[in-house]
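Protein sequences appear in the order of chains A and B.
Quick note on numbering: our numbering labels position 72 of the first sequence as 74, and the sequence is numbered without any gaps.
Quick note on numbering: our numbering labels position 41 of the second sequence as 302, and the sequence is numbered without any gaps.
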Amino acid sequence: MSDPIIIVGGGQAAVQLCLALRKEKVETPVLMMSEESEYPYHRPPLSKSFLTGETDEDKLLMRPETFYASKQVAVELNTHVSAIDTSERTVSTAGGEKRFQSLVLVTGARPRQLPLPGADLSGVHLLRDLQHSKNIKNALEDAQHVVVVGAGFIGLEFAAVASGLKKTVTVFDMADRVMARAVSPAISSWFEKTHQGNGIDIRLKDSVSEILGESSVKQVKTVAGELLPCDLLLIGVGVIANDDLASAAGIECDNGIVVNEFCETSVADIYSAGDCASHPNPFAQGGRIRLESIQNATDQARVVASTIAGKKMPYHSVPWFWSDQGEHSLQMAGLSNSADQFVVRGDIESDNFSVFHYRAKQLQSVDSVNSPRDHMLARKLIGGQISPSLEQAADITFELKSLLP
Amino acid sequence: MPKVIFVEADGTRHEVEGKNGVSLMEIAISNNIDGIEAECGGSCMCATCHCFIEEDFSAAVPAMESDEDEMLGFTAVDRKSSSRLSCQIKMSDDLAGIEVNLPSEQN
Ligand SMILES: Cc1cc2nc3c(=O)[nH]c(=O)nc-3n(C[C@H](O)[C@H](O)[C@H](O)COP(=O)(O)OP(=O)(O)OC[C@H]3O[C@@H](n4cnc5c(N)ncnc54)[C@H](O)[C@@H]3O)c2cc1C
Ligand code: FES
Numbered sequence: 003m004s005d006p007i008i009i010v011g012g013g014q015a016a017v018q019l020c021l022a023l024r025k026e027k028v029e030t031p032v033l034m035m036s037e038e039s040e041y042p043y044h045r046p047p048l049s050k051s052f053l054t055g056e057t058d059e060d061k062l063l064m065r066p067e068t069f070y071a072s073k074q075v076a077v078e079l080n081t082h083v084s085a086i087d088t089s090e091r092t093v094s095t096a097g098g099e100k101r102f103q104s105l106v107l108v109t110g111a112r113p114r115q116l117p118l119p120g121a122d123l124s125g126v127h128l129l130r131d132l133q134h135s136k137n138i139k140n141a142l143e144d145a146q147h148v149v150v151v152g153a154g155f156i157g158l159e160f161a162a163v164a165s166g167l168k169k170t171v172t173v174f175d176m177a178d179r180v181m182a183r184a185v186s187p188a189i190s191s192w193f194e195k196t197h198q199g200n201g202i203d204i205r206l207k208d209s210v211s212e213i214l215g216e217s218s219v220k221q222v223k224t225v226a227g228e229l230l231p232c233d234l235l236l237i238g239v240g241v242i243a244n245d246d247l248a249s250a251a252g253i254e255c256d257n258g259i260v261v262n263e264f265c266e267t268s269v270a271d272i273y274s275a276g277d278c279a280s281h282p283n284p285f286a287q288g289g290r291i292r293l294e295s296i297q298n299a300t301d302q303a304r305v306v307a308s309t310i311a312g313k314k315m316p317y318h319s320v321p322w323f324w325s326d327q328g329e330h331s332l333q334m335a336g337l338s339n340s341a342d343q344f345v346v347r348g349d350i351e352s353d354n355f356s357v358f359h360y361r362a363k364q365l366q367s368v369d370s371v372n373s374p375r376d377h378m379l380a381r382k383l384i385g386g387q388i389s390p391s392l393e394q395a396a397d398i399t400f401e402l403k404s405l406l407p
Numbered sequence: 262m263p264k265v266i267f268v269e270a271d272g273t274r275h276e277v278e279g280k281n282g283v284s285l286m287e288i289a290i291s292n293n294i295d296g297i298e299a300e301c302g303g304s305c306m307c308a309t310c311h312c313f314i315e316e317d318f319s320a321a322v323p324a325m326e327s328d329e330d331e332m333l334g335f336t337a338v339d340r341k342s343s344s345r346l347s348c349q350i351k352m353s354d355d356l357a358g359i360e361v362n363l364p365s366e367q368n
């Protein structure tokens with residue numbers, strides 16, 4: 003039998019790859035190796051509906067166990083890939099070496115730890131995988147005073163869940179606004195107000211400097227010098243790409259596994275996709291970035307499959323992302339970092355509006371609050387490089403859809 | 262258990278059992294039916310779980326909420342009057358024997 007396509011990782015990109023390879027009629031055997039003990043599951047509910055109990059564990063699986071066999075994919079769970087030999091074309095695991103025909107590295111990312119005194123106390127949590135989320139769910143049963151370090155998506159989603167469960171919640175971030183790296187100031191301030199209105203204490207330009215307790219956390223000390231009671235602390239300060247395996251094998255890495263627009267790494271027949279892939283993105287003015295989103299993981303997996311199938315299709319999908327925070331849904335299309343102008347569509351005082359970002363009069367990105375229609379339109383407009391004028395975007399009586407072909 | 266019939270775009274029929282309370286999307290996925298992708302896992306965010314509900318059942322399926330209506334404007338295969346997002350419809354006794362047609366593309 004010919005050597006398989008080996009997939010390292012069992013997350014969002016891995017599942018999409020199994021689907022896309024077979025859709026592309028690639029008939030090579032596929033072997034998926036994941037260090038996790040579960041079949042691939044949906045991560046977004048882990049900071050949202052799984053914690054509230056709305057989504058049960060059995061609904062988290064992305065595909066049933068029988069799916070893999072139905073796609074002729076062999077699965078090895080609890081299998082950590084520890085090394086790659088690029089000249090012998092093998093991967094090493096505790097069980098020995100396996101040869102590959104092609105190798106796809108979809109190893110994702112891991113949460114950044116904070117080197118704080120007391121960070122190893124029980125009651126201090128990170129959130130990336132199912133076990134983390136289960137631990138947090140258990141801890142929420144008894145916790146009263148919840149502290150979150152990092153007002154990013156995961157931090158705020160979790161804070162909204164905890165406050166919905168009537169916990170006292172305090173969120174810290176060193177930046178001067180929430181979600182500062184990802185959304186525009188107008189969106190930040192709307193969410194800040196909304197979360198505060200629900201009783202969440204948001205403390206900006208401040209953080210936790212010390213975690214205090216005997217075996218489990220009892221208090222935190224803030225940078226500003228205050229002591230707060232705390233029995234559950236979530237650290238949500240971003241992630242680090244899992245690129246160590248690749249870099250140890252001599253595959254080019256630079257804050258992630260470096261790939262080109264076809265998701266090819268610096269070594270022939272080795273590909274990467276998803277959270278771990280540092281890729282050139284046409285929506286970042288061609289700059290090299292990493293994206294941590296379902297969209298990016300699934301669309302890049304499709305690109306890998308088409309590259310392996312011999313039909314090269316460059317990656318040029320519009321980036322999009324969503325974050326459910328309590329009752330409210332935030333959706334983003336495009337990348338706003340380079341914007342020089344913005345305009346609001348809808349009424350910011352209401353709960354439904356979008357912020358349109360422009361760069362040199364060209365629409366770059368749209369952040370929408372409770373406005374899925376604006377979001378979907380934005381995906382089409384940005385993808386088609388169609389820019390409504392600032393006036394058109396601001397005028398809710400103007401039908402944006404009329405600009406689409 | 263009530264039956265659900267999924268019909269792929271090429272005419273392939275799958276008659277499967279659907280538990281009440283479980284969404285049509287989840288029923289399709291758990292039976293390895295390819296015509297549904299469901300990238301977002303049922304969050305009403307991706308529109309890759311698009312389906313067409315057979316006319317006989319159009320009155321029996323629960324009415325859609327505005328989010329679903331808005332998302333349906335952006336499916337890979339154009340919306341028809343019978344279009345729904347399968348993640349938003351939960352199985353019930355009223356839907357026993359429902360025929361769900363799947364589009365040729367979801368992305
Ligand atoms: C709590 C949470 C909420 C989120 N919410 C949203 C959301 O609302 N919307 C959105 O768009 N995105 C969201 N995301 C992001 C999204 O889940 C990720 O972008 C997506 O999972 C990336 O897919 P991936 O396949 O690249 O990586 P992952 O899904 O992380 O999969 C990587 C897999 O590789 C395995 N692995 C790593 N190294 C090895 C090795 N050496 N050997 C074997 N296996 C290995 C890992 O254990 C893991 O199973 C959320 C993420 C989290 C954690
Ligand atoms: S599964 Fe994504 S909208 Fe239905």
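Glycine is no exception: its CB is placed at the ideal position from the N, C-alpha and C atoms.
Predicted, not measured: the structure shown is a model, and the values here were computed from it.
- A/E56 has its Cβ no nearer than 8 Å to any heavy atom of ligand 2.
- Take A/I86, set aside five residues on each side of it, and the residues of its chain with a beta-carbon closer than 6 Å to its own are V93, A251, in chain order.
- In the DSSP assignment, A/Q115 falls outside any alpha helix (DSSP H) and carries neither an H nor an E.
- At a cut-off of 9 Å between C-beta atoms, A/M378 counts as an interface residue with respect to chain B.
- At a cut-off of 3 residues, the continuous stretches assigned as beta strand (DSSP E) that sit fully inside the region 19-56 of chain A are 32-35.
- Your pair A/N244 and A/R112 checks out as a contact, with CB atoms roughly 6 Å apart and the cut at 8 Å.
- In this chain, the alpha helix (DSSP H) harbouring A/L392 covers 392-396.
- Here A/A299 carries a helix assignment [DSSP, helix/strand/coil].
- Taken in chain order, the complete beta strand (DSSP E) segments of 3 residues or longer contained in the region 298-352 of chain A are 322-327, 330-336, 343-348.
- B/C301 has its Cβ nearer than 8 Å to a heavy atom of ligand 2.
- The C-beta separation of A/L236 from A/V150 comes to about 5 Å, placing the pair in contact by the 8 Å criterion.
- For B/C307, same chain residues with a beta-carbon under 6 Å away, outside a window of 5 residues either side, are E300, C301 in chain order.
- Neighbours of A/S72 in chain B, taken as residues at a C-beta separation under 7 Å, are given in chain order as N293.
- Two segments are said to touch when three or more pairs of C-beta atoms, one from each, lie closer than 8 Å; by this definition the region 311-325 of chain A touches the region 278-295 of chain A.
- Sequence-distant Cβ neighbours of A/T88 in its own chain, meaning closer than 8 Å and more than five residues away, are A251, G252, I253, V269, I272.
- A/V10 has its alpha-carbon roughly 8 Å from the corresponding atom of A/A16.
- Among the CB atoms of chain A, none fall inside 9 Å of the CB of B/A337.
- In the structure shown, A/T68 falls within a helical segment according to DSSP collapsed to helix, strand and coil.
- Only residues of its own chain outside the window of five on either side were considered, and among them F174 have a CB closer than 6 Å to the CB of A/R205, listed in chain order.
- Per DSSP, the unbroken alpha helix (DSSP H) holding A/E143 starts and ends at 132-144.
- Comparing alpha-carbon positions, the option among A/H82, A/L105, A/A184, A/G166 lying closest to A/S49 turns out to be A/G166.
- Taken through DSSP and simplified to helix, strand or coil, A/K382 comes out as helix.
- Taking 9 Å as the cut-off, the beta carbon of A/V371 is found closer than this to the beta carbon of A/N354.
- At a threshold of 8 Å, A/Q115 does not count as near ligand 2, since its beta carbon sits no closer than that to any of the ligand's heavy atoms.
- The beta carbon of B/K280 is closer than 7 Å to those of M262, M352 in its chain, skipping five residues each way along the sequence.
- Per DSSP, the continuous beta strand (DSSP E) segment holding A/P231 begins and ends at 229-231.
- A/V108: not part of any alpha helix (DSSP H); DSSP gives it neither H nor E.
- DSSP, read as helix, strand or coil, puts A/A362 in coil.
- Taken atom to atom, the span from the alpha-carbon of B/G296 to that of A/Q18 is near 14 Å.
- Under the 9 Å criterion on CB atoms, A/W192 is classed as non-interfacial with respect to chain B.
- At a Cβ-Cβ threshold of 9 Å, A/V305 and A/A335 do not count as neighbours.
- Per DSSP, B/F335 lies in no alpha helix (DSSP H) segment and is marked neither H nor E.
- Annotation for A/H281: the continuous beta strand (DSSP E) segment containing it runs 279-282.
- In the structure shown, the three-state DSSP call for A/F264 is coil.
- Scanning chain B for C-beta atoms nearer than 7 Å to the C-beta of A/H44 yields G302, reported in chain order.
- Against chain A, the beta carbon of B/G334 has neighbours under 9 Å at R375, M378, L379, K403, listed in chain order.
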